[in-house]
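Some notes on the structure that comes next.
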Amino acid sequence: MPHILKPGGRIGIIGGGQLGRMSAMAAAEMGFHCHIFSPRDDEPALDVAPSATIGAYDDESALRRFAENVDVVTFEFENIPAESIALLESLKPVHPSRKILEISQDRIVEKSRLNAFGLKTAPWVAVTDPDALASIEAALGFPFILKQTRFGYDGKGQWRVNSPQDLEAIQDTLPYPLIAEGLVDFDRELSVIVARDLYGDAFCFDVTENRHQHGILDISLAPARISPELAASAQDIACRIAHGLELVGILAVELFLDAKGELRVNEIAPRPHNSGHWTQDACLISQFEAHIRMVAGLRAQPLTRHSDAVMKNLVGPGTYVAASKALETPGTRLHLYGKAEARPGRKMGHINALFPKGALPGDLGLAAALGPILNDGLE
Ligand code: AMP
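Heads up: the sequence shown runs through residues 1 to 379, numbered per full-length UniProt numbering.
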């Protein structure tokens, strides 16, 4: 019998960041209590969850204490040692599973699995040691991107290589293993979030269009301005991955729409995702509530959007000017993560600007409608 959590049930979330914070807030609304596992005692999720265990991600006794305090375990980020999840799995149900976490932690394993599902990715080759550098040109040609296979985020641990000279300049500093990816000439970056339940039913949110600045997500538009057929294909890809991996939880799929109009999967993340923050205000069930519902063993439901939305990330250091403007602008909602220091590049919060369904304006209209709040992202 699947384990269904009753109100008052205790959900353990590994990681204390903003994704854990917003998941814990959604859980509280449903009558669940979240217990956070975090290496630090000043993280955003700790402000809003009733209890926590503070310990390193590989601290076995802390992990055991954490497990004793919860009915089910989930996570809000991916860089958790696989052994720690294995230990927790031996003590309590863990959703999504260790298997999915391990796939998403390693870009080579991830791309191999996606290709095995018959899905297109960027062309890629594994570069496990310096000797393999010489073979990239023959396999992919220039330009290509070298990426660390593990622990990369927000474009960190990546090197764009346009020429043999570029490669020569960085080759003595590279960490291994790496993956080399051919550069996708993309038209747009898209993402889809899928929720799949213990019974095998899956539903997707509407497709999101994403724009980055300096390797960090800047704005997301929902719905993505693509044809209904393409949107359905993107959702179909997300469902295939969710079913193929037997997901219980939510999973974000990042996609490129290439210049030929084909969808290529970039990466997956089995957790709430920055590009799904718009769902908090534009959907009946947000990605955070969907996450909690799946982890709690509830049945998946259609993830209906009632408004169009633009999400703007507030990234340090210039956060608070935009935040106070958002508070004065009708039609926008501000979400701050309670972080003390707005260091450059640090995600401090986000703004969701809502439009009636079907009224999401084009770029110029958007700039006019949102004015000073969004101007940076539209330059
Ligand atoms: P990632 O860490 O893989 O999400 O990459 C960060 C960003 O770099 C992506 O959102 C893209 O804008 C860009 N990028 C990554 N891989 C590729 C690729 N193979 N071709 C073109 N752009 C890429």
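Cβ atoms here follow ideal geometry from the backbone N, Cα and C, with glycine treated the same way.
Delimiting residues of the beta strand (DSSP E) encompassing residue 382: This structure leaves residue 382 out entirely; the chain is present only between 1 and 379.
CA-to-CA distance, R21 to L335, given in whole angstroms: Checking the sequence, you will find His at residue 335 rather than Leu. C-alpha separation (whole angstroms): 11 Å.
Segment contact, 8 Å Cβ cut-off, at least three pairs: the stretch 249-262 with the stretch 187-200: yes
Nearest-angstrom beta carbon gap, F75 and I14 [assumed within contact, 8 Å]: 4 Å
Residue range of the alpha helix (DSSP H) that includes N115: R107 to A116
Spatial neighbours of A296 in its chain, beta-carbon cut-off 6 Å, leaving aside the 5 residues before and after: L5
Residue burial classification, D129 (beta-carbon count within 10 angstroms, cutoff 16): exposed
A309, enclosing beta strand (DSSP E) - first and last residue: S307 to V315
Whole runs of the alpha helix (DSSP H) within the stretch 157-206, excluding any shorter than 4 residues: 164-170
Local Cβ density within 10 Å of K156, reported as buried at 16 or more and exposed below that: exposed
Contacts around Q235, its chain only, beta-carbon distance under 7 Å, and the 5 residues preceding and following it disregarded: V192, C204 and V207
L183 Cβ short of 6 Å to the ligand AMP heavy atom set: yes
Spatial neighbours of R150 in its chain, beta-carbon cut-off 7 Å, leaving aside the 5 residues before and after: Q105 and D106
Alpha-carbon spacing of M311 relative to E246, whole angstroms: 30 Å
Selected residue, minimal CA-CA separation from L119, among P361, A45, I170 and E267: E267
Segment limits, alpha helix (DSSP H) that includes V295: Q287 to V295
Proximity of V184 and A238 at Cβ, strictly below 7 Å: no
Candidates F142, L364, Q18 and P177, of which the one nearest N162 by Cα: F142
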